[in-house]
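Each remark here refers to the structure printed beneath this line.
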Amino acid sequence: MNWTPPDSLATAIAQAQQATTHALADGKTRLQIEVVLPDLSPMALARDYLPLFSELGADLKVFFADAGAAALARREWGNPSYSVRGVNELITPVAASDRAVIIVAPTPVEVTTIEQMCLTAGDRPFILLNPKLQDVAVVGIGYAGRQLRERFLNTLELCYYLRPLAEEIILWRCYPQPWQIWQYSSLGSTCLAEFDQRPSGEAIERALAAQRGRSGEGFVSRLRRFLRALQT
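So this is what it looks like as structure tokens:
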């Protein structure tokens, strides 16, 4: 398999579904998906991603950070066959009959509840869509934050990731491929660097430093066209 970065939001979501399928087939059940694009709502991302699990019907549980967001999703999605709830809405969030659990845009406020839900889910698919769990102002730094990362956050396989880094440059990962930095230009797209693990800010800077000054005219306009295409 040798995929290239998406040229539209629909392609990105299709790739996220394929990456999920490959990761589950490899026995990885704690998954994370991040599509970080301007103005992309978590509800829209979830709506287009969830058909991957349509065959589960009522055996799928989908959670939002709060009951209000869950109610809005149920209304906009036409009362789907699967359960859509707030993280703290049910006494027993993960039931024995649930075959997969998906949590949409959880925040650090819910991190303790989500960690317990993940433990309850065991080896059943447990997937976070566009989570915001690493806000150190809430989950803490130092020993407490390190414990949280070691026992929970670091156990999640980030199987799909898409984020613009700079003008016409993106960081992209589509399991089982490595992490990659790609640059878009009028001549097409080019892979600038690959990483076995999620690259640090310093590693990204080093990779981009080697490419600075080589883009030529039209750099900004090409990036804007690319971002508009991703959101259509």
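Taken in order, the sequence shown gives residues 4 to 235; the numbers are from our numbering. Where is the CB? At the ideal position from N, CA and C, for every residue including glycine.
Query	Result
Contacting residues, own chain, Cβ-Cβ under 8 Å from Ala-103 (five flanking each side not counted)	Phe-56, Leu-59, Asp-62, Leu-63, Lys-64, Arg-127, Pro-128, Phe-129 and Ile-130
Segment limits, alpha helix (DSSP H) that includes Tyr-52	45–52
Arg-78: first and last residue of the uninterrupted alpha helix (DSSP H) it sits in	70–79
Coarse secondary structure for Glu-208, derived from DSSP in three states	helix
Simplified DSSP state of Gly-125, which is helix, strand or coil	coil
Any chain D beta carbon closer than 9 Å to Tyr-85	Of the chains in the structure shown, none is chain D; there is only one protein chain.
C-alpha gap between Pro-242 and Thr-115, whole angstroms	The requested residue 242 is not part of the displayed model; the chain covers only 4 to 235.
Residues near Phe-222 by beta carbon distance below 8 Å, same chain, minus five either side	Only weak support is given to the placement of Phe-222: the predicted model assigns it a pLDDT of 46, under 50, and the question is left unresolved by the model.
Through-space distance from Ala-19 to Leu-168, alpha-carbon basis	19 Å
Those residues which DSSP pairs with Thr-193 across a bridge	Gln-186
Secondary structure of Ser-11, DSSP reduced to three states	coil
Residue nearest to Val-90 in terms of C-alpha spacing, selected from Ala-70, Leu-211, Leu-161 and Asn-157	Ala-70
Local Cβ density within 10 Å of Cys-162, reported as buried at 16 or more and exposed below that	buried
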